[in-house]
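In my numbering, the protein residues as written are 510 to 824.
Heads up, the thing below is written out as structure tokens.
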């Protein structure tokens, strides 16, 4: 497939979900998840083993300012034990600790809101991009998915499927490879699934002890054609252990993040990024089970372009 602005326009038209769930829809592909799907997903819990898929919210995060001036969380204390011992809190008749956290909502493990990316002057479902201003997202904010991020999770461990510790930066993942990986793992990708793709890139960075260009530079990831795969399988969300899910450098120089141009504003596909997958992947490889109960609700940030999360995979 030749990837350029024409391909983006064609995919945006063919794969558009505008109006599919009504003109007021603000959750996109999360509509694929039914109450029955959640009940069925709960039945996947057999051992009670729980895997946290989020990374720490601290100064050692991956942000280096490569994209949009994003920075790592800034944690500051408002009250401390040293304050207490010094008697500075006794006027209030209680001794305590308190703190603050200043962060980018997409600086660590997070969801993207559907108002995060525009196609020309429109956001998902035809909403005018002007409705998203300095006051926040007047439409399509992350708060609309506050009770929707739960269901059947499926791990597609591409790195292990290839027999490597991690994919090299710039290596693309085709639709055919996703299907072959699923078959090799004896797992079926179904409507309403939360599909999680492991490339191993984060594990490489953690082993090397440096993030490098992780948050905005080159990376392994899905090819542009993946937008058709996601629509065909009617998944609820796609997640990855990389910064942006899609391969970088991109397959075209006519657009930055061409896959994003289609999956968010046209399809309304929910997307999770910077997921920690090492422990979950090791357990899946050990017991041969690549499906699990998934739960990853966002913080209710009114008008937020995304939300930090610590999603859980429970087997």
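Note that CB positions come from ideal geometry on N, CA and C, so glycine has one too.
Predicted model only: the values in this text are computed from it and were never measured.
Run of the beta strand (DSSP E) containing residue i, from where it starts to where it stops
{"i": "residue 779", "result": "779 to 782"}
{"i": "residue 611", "result": "607 to 611"}
{"i": "residue 525", "result": "No beta strand (DSSP E) holds residue 525; DSSP gives it neither H nor E."}
{"i": "residue 621", "result": "619 to 621"}
{"i": "residue 817", "result": "815 to 817"}
{"i": "residue 823", "result": "821 to 823"}
{"i": "residue 580", "result": "Run containing residue 580: none; DSSP gives neither H nor E here."}
{"i": "residue 561", "result": "559 to 561"}
Beta-bridge pairing of residue i - partner residues as DSSP gives them
{"i": "residue 628", "result": "631"}
{"i": "residue 512", "result": "Answer is none; residue 512 lacks a bridge partner."}
{"i": "residue 878", "result": "Absent from the structure is residue 878, since the part of the chain shown begins at 510 and ends at 824."}
{"i": "residue 800", "result": "663"}
{"i": "residue 708", "result": "Paired residue(s): none; residue 708 is not in a bridge."}
{"i": "residue 746", "result": "703 and 779"}
{"i": "residue 571", "result": "Paired residues: none, contrary to the question."}
{"i": "residue 645", "result": "642"}
{"i": "residue 637", "result": "631"}
{"i": "residue 681", "result": "730"}
Local Cβ density within 10 Å of residue i, reported as buried at 16 or more and exposed below that
{"i": "residue 522", "result": "exposed"}
{"i": "residue 785", "result": "buried"}
{"i": "residue 827", "result": "Nothing about residue 827 can be reported from this structure: the residues present for the chain run from 510 to 824 only."}
{"i": "residue 770", "result": "buried"}
{"i": "residue 824", "result": "buried"}
{"i": "residue 711", "result": "buried"}
{"i": "residue 740", "result": "buried"}
{"i": "residue 666", "result": "buried"}
{"i": "residue 564", "result": "buried"}
{"i": "residue 678", "result": "buried"}
{"i": "residue 791", "result": "exposed"}
{"i": "residue 719", "result": "exposed"}
{"i": "residue 568", "result": "exposed"}
{"i": "residue 600", "result": "exposed"}
{"i": "residue 602", "result": "exposed"}
{"i": "residue 532", "result": "exposed"}
Segment limits, alpha helix (DSSP H) that includes residue i
{"i": "residue 547", "result": "544 to 551"}
{"i": "residue 825", "result": "Nothing can be reported for residue 825, as the shown portion of the chain is limited to 510 through 824."}
{"i": "residue 594", "result": "590 to 594"}
{"i": "residue 685", "result": "684 to 693"}
6 Å Cβ shell around residue i - same chain, five flanking residues per side excluded
{"i": "residue 525", "result": "775"}
{"i": "residue 683", "result": "732"}
{"i": "residue 584", "result": "610"}
{"i": "residue 612", "result": "582"}
{"i": "residue 694", "result": "799"}
{"i": "residue 566", "result": "582 and 617"}
{"i": "residue 674", "result": "709"}
{"i": "residue 558", "result": "824"}
{"i": "residue 819", "result": "561 and 563"}
Own chain residues within Cβ distance below 7 Å of residue i, not counting five before or after
{"i": "residue 514", "result": "763 and 764"}
{"i": "residue 622", "result": "646, 649, 650, 651, 813, 814 and 815"}
{"i": "residue 822", "result": "560, 562, 662, 789, 801 and 803"}
{"i": "residue 777", "result": "526, 537, 538, 623, 633 and 634"}
{"i": "residue 608", "result": "584, 585, 586 and 587"}
{"i": "residue 517", "result": "764, 767, 770 and 771"}
{"i": "residue 738", "result": "684 and 687"}
Presumed contact (8 Å Cβ cut-off) between residue i and residue j, rounded CB distance
{"i": "residue 648", "j": "residue 816", "result": "Actually they do not touch by this definition, with Cβ atoms about 16 Å apart."}
{"i": "residue 550", "j": "residue 681", "result": "So it is not a contact: roughly 30 Å between Cβ atoms."}
{"i": "residue 624", "j": "residue 617", "result": "The pair is not a contact, with the Cβ atoms about 20 Å apart (cut-off 8 Å)."}
{"i": "residue 477", "j": "residue 724", "result": "One cannot answer for residue 477 here, as it falls past the ends of the chain, which runs 510 to 824."}
{"i": "residue 758", "j": "residue 727", "result": "6 Å"}
{"i": "residue 746", "j": "residue 703", "result": "5 Å"}
{"i": "residue 782", "j": "residue 753", "result": "6 Å"}
{"i": "residue 779", "j": "residue 654", "result": "7 Å"}
{"i": "residue 534", "j": "residue 540", "result": "7 Å"}
Neighbourhood of residue i by C-beta, 8 Å cutoff - its chain only, sequence neighbours within 5 removed
{"i": "residue 676", "result": "667, 668, 682, 708, 709, 710 and 729"}
{"i": "residue 589", "result": "606"}
Residue-chain proximity (residue i, chain B), Cβ-Cβ < 7 Å
{"i": "residue 696", "result": "Among the protein chains of the structure shown there is no chain B, as only one such chain exists."}
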